[in-house]
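Presented below is the structure to which this report refers.
Given below as structure tokens:
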């Protein structure tokens, strides 16, 4: 994307240069020399005063300027540029760019699930319901969805929280997942990917000025949607550090330190937990989740549980425990604890990022506030109905005995077992490299290895005005064609340096990537070796 | 939607009642009795203090509370309730609810365009590319889109402003539409419906405090996305009134009055123009657009041109003139005038609301600000790729000589001629009713008739704490089963009363609707007749 920006910017500069003639009034950013309406009244067309742009860096929304979203940041832009140069025959020390920056499974070659796409195609073009090559269970799913759509078309608006039948299916899914603990369809809001829902919920809880301003606790390292959204909506970001030495564990003492410090300058209202972790790949234990819930309850925090990787657990002995289930099992004491849990079609085994499906389960929210949340989403009309249909397949997959059950199960198992294999290979490979250490990838789709950067490299980076991990990642891209996201895009303890690399390239491709990586890394380390 | 909320709320209340036992600490909204972390430290689980909800009406985002979106407001909620009651066999003075509240063509029975759905189905399930029953031109469109998708799948993320080929097609469309005036694909941002793009752009230009706070001029009556968004982002809404006596014309003297008044308390930065108008149905003349551009240029305002109804022009002698074309033809003097123009797949002849497609063309935006806008959308990852594919068909329809050309043209012409017919019938029908006057529906999808309410009705409404137009619309729903949106949801001159009714029911249905309407209206007027 940033590549597109860069190209777009340079092309735009050209086009602007062609279009914009020098202005008669001096171009003083932020100081627009308006004449009063009365002075204008007698002007003829030819005498219109020139003026500078209305929107400049000085006059635009200052919060947007503060946003950063490294997953699609400048290094990715540069990777896109290099890719185009390679296509045009440029000579580089590598033959391709491997994009390990984003959790985009289909882009890395994963095939869509047959059943899922059949259902969405049937909903899109109902004439296919007459096509005998489509299985009956896919047709039944599509018929049910279409029946729920006004006018029988996915081209009509759904209710703003989504089609009723899909909300029902989501609630059933959650109930099965959580061993029978009830879920209410009226607590489900479908959204275009989890991101949209997360932004809505965070927006809902921002208020106050000065010390009263809402603060939101987020893990460091975190997925930068959170820091970007908090910057955009002008909420206070409260960092709590995950414990790298303890497999990126979540320690309540650290939560306490973090909130106590935050209370001196803002009003903490929410804690975000990403489980399985992004970018860290940790899977939180049941007792750890209990600790977090007790902490949030004690401290008066809404819990935002980002559980979009709930299907992506690989480590032996690790299991996904939903916050909803643990909260409910903690008993009535906690029955007023507000919790929002998010799921997505973009991750898991389906990897349907582009179709934009997701849901949020809203638990124990004040009734009036919930009405306000529904009002907020009503102005957005509705999330994409085809994205809702994708979510429906995820929460209501083929059942045993249905015609598509076997194929679906095989395709799902294949994706998940390959991911598990790669999760293992990646961490082991990194740990075999001197100067790199990597926690096990217990879940999600990323490794987050730590680089022991020589002081010389740190100094050199500072000399050229770069964060040391950005400096390293830039060299990794320029010298080995591997695109990763520097750790500073997620946050890391000061003085430590990391990068996030997805586990999505194919097993074969990954061997190539690791060879290229090792070669680059030893060359980089030799170049900046510290004098003893 | 609001129906869903209401149901959801009542069911939620039940479930909360079941779940939440009385709390040990008193529930004092907004005053959460926290104990300090230290006091807590020694507590065992059973001794956890109870607390009230974190998020209450007192602690939630105050701006969201101010939002209103009448198109999905309480009257629609009530319509949904009545619909369910009818389904359950309740006896009412009507047999069905006619939903004339929202521009949702498929919900009212319009069929999707064959070619459009074929292309999206092919993109969704590429195995259909082998199916000989799909026409070659649809396959070619799908292949081109899939080739532009990473990994050849619409399940991969696109670039945040959309797939390159679709941005190119949109630019070509604009260039054709505007008689050859160039459009740059880098100026196109695809979005999930126009609403998403409009929200982003408005967000971009909010800044300042007190008198420096950004103001946005919007027409009254307006489409409530604008008032809702301005409330949400805490920008100042500046009303300018359209001239009902002059076919909802846009008068520059009124713009001047409005901005002069606004400058006393805020900093106007933007003017929104909806053309063709929603809810007013007016189509602005070329010279009127020139006036608006000159006004915006003189006063230092970004122009937001909501042109989603650009295909919906029915009145003889009326034509759609894009702001882009008029701006460009005004010459170099205006080449620094910032303009954002929006289009959507939800309206026009396609009516694909649920698939969420749209684009924004960004003209003359400062290069650095444009980069910031692209950064803002990057955290949203990308608009739904299937919605992008829908937009592609709209901007790149079958060409003469292609296999689908005739069917596509026939389907399109049928929809548009039927809408034109209904636009005429509706206005005429309303004008034949005593106490109702309605401007011609020149374009868009709505009539916005004025009701001359008897003073007795106004008094009665006030007595029961309702706006008089809401009171009228509620009775229209309860007595005739017709769901419209009261004029106060869009804004209207004080002391005037209107409602918005779509022209989407079928011609036959509309005859029924008008009979029901007339019967209701004369009964209502008789009931509240003013004493002479």
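Protein chains in written order, with UniProt numbering: chain P, 1 to 532; chain X, 1 to 532. We treat Cβ as the ideally placed atom computed from N, Cα and C, and that holds for glycine.
Using a 10 angstroms sphere on the CB of residue 127/P, the tally of other CB atoms stays under 16, which defines it as exposed. In the three-state reduction of the DSSP assignment, residue 130/X falls in the helix class, which pools H, G and I. Residue environment for residue 366/P: buried (at least 16 other C-beta atoms within 10 angstroms of its C-beta). Taking one beta carbon from each stretch, the region 312-332 of chain P and the region 352-360 of chain P have fewer than 3 pairs nearer than 8 angstroms; the two do not touch.
A Cβ-Cβ distance of about 6 angstroms is found for the pair residue 100/P and residue 482/P, placing them in contact under the 8 angstroms criterion. Within the region 284-309 of chain P, the runs of beta strand (DSSP E) at least 3 residues long that lie entirely inside it are, in chain order, 302-306. With respect to chain X, the C-beta atom of residue 151/P has a partner C-beta closer than 8 angstroms.
Of the candidates 372/X, 222/X, 257/X, 339/X, 372/X places its Cα closest to the Cα of residue 232/P. Boundaries of the alpha helix (DSSP H) around residue 225/P: 225-233.
Ranked by how close their Cα comes to the Cα of residue 289/X, the residues 427/X, 249/X, 389/X, 118/X have 249/X in first place. Counting only unbroken stretches of 4 or more residues, the alpha helix (DSSP H) elements lying wholly within the region 412-493 of chain X are 455-463, 468-480, in sequence order. When secondary structure is reduced to three states using DSSP, residue 237/X falls in the strand class. Around residue 62/P, the beta-carbon contacts reaching into chain X at under 8 angstroms are 207. Using a Cβ-Cβ cut-off of 8 angstroms, residue 192/X counts as an interface residue toward chain P, since at least one Cβ of chain P sits closer than that to its own.
Sixteen is the threshold: when 16 or more other Cβ atoms of the shown chains lie within 10 Å of the Cβ of residue 107/X, as they do, the residue is buried. Judged by DSSP in its simplified three-state form, residue 97/P adopts coil rather than helix or strand.
Interface with chain P (8 angstroms Cβ-Cβ cutoff): residue 264/X is excluded. The C-beta distance from residue 178/X to residue 324/X rounds to 6 angstroms, short enough to meet the 8 angstroms contact threshold. Not a single CB atom of chain P sits nearer than 8 angstroms to the CB of residue 422/X. Under the three-state reduction of DSSP output, residue 521/P falls in the helix class.
Using a Cβ-Cβ distance cut-off of 8 angstroms, the region 141-160 of chain P and the region 273-289 of chain P are not in contact, since fewer than three pairs of beta carbons, one from each stretch, lie closer than that value. Taking 8 angstroms as the cut-off, the beta carbon of residue 112/X is found closer than this to the beta carbon of residue 153/P.
DSSP, reduced to helix, strand and coil, places residue 359/X within a strand of the structure shown.
Around the beta carbon of residue 160/X, a 10 Å sphere encloses 16 or more other beta carbons of the protein chains shown; the residue is thus reported as buried. In the structure shown, the three-state DSSP call for residue 366/X is coil. Contact of residue 343/X with chain P by beta-carbon distance below 8 angstroms is absent, the smallest such distance being about 16 angstroms. Shortest Cα-Cα distance from residue 526/P to any of 453/P, 490/P, 465/P involves 453/P.
By the CB criterion at 8 angstroms, residue 163/X and residue 188/X fall outside the cutoff.
The beta-carbon distance between residue 137/P and residue 378/P, rounded to whole angstroms, is 34 angstroms. This is too long to meet the 8 angstroms contact definition. Its Cα nearest to that of residue 397/X, the residue 169/X stands out among 169/X, 85/X, 468/X, 109/X. Here residue 500/X is buried: its Cβ has 16 or more other Cβ atoms, across all protein chains shown, within 10 Å. Take residue 247/P, set aside five residues on each side of it, and the residues of its chain with a beta-carbon closer than 7 angstroms to its own are 282, 439, 440, in chain order. Comparing alpha carbon positions, the residue from 181/P, 176/P, 57/P, 54/P closest to residue 331/P is 181/P. Chain X has no Cβ within less than 8 angstroms of the Cβ of residue 147/P. Using a Cβ-Cβ cut-off of 9 angstroms, residue 106/X is close to 149, 150, 151, 152, 153, 154, 155, 156, 157 of chain P, given in chain order. A residue is called buried when at least 16 other Cβ atoms come within 10 angstroms of its Cβ; residue 392/P meets this threshold and is buried.
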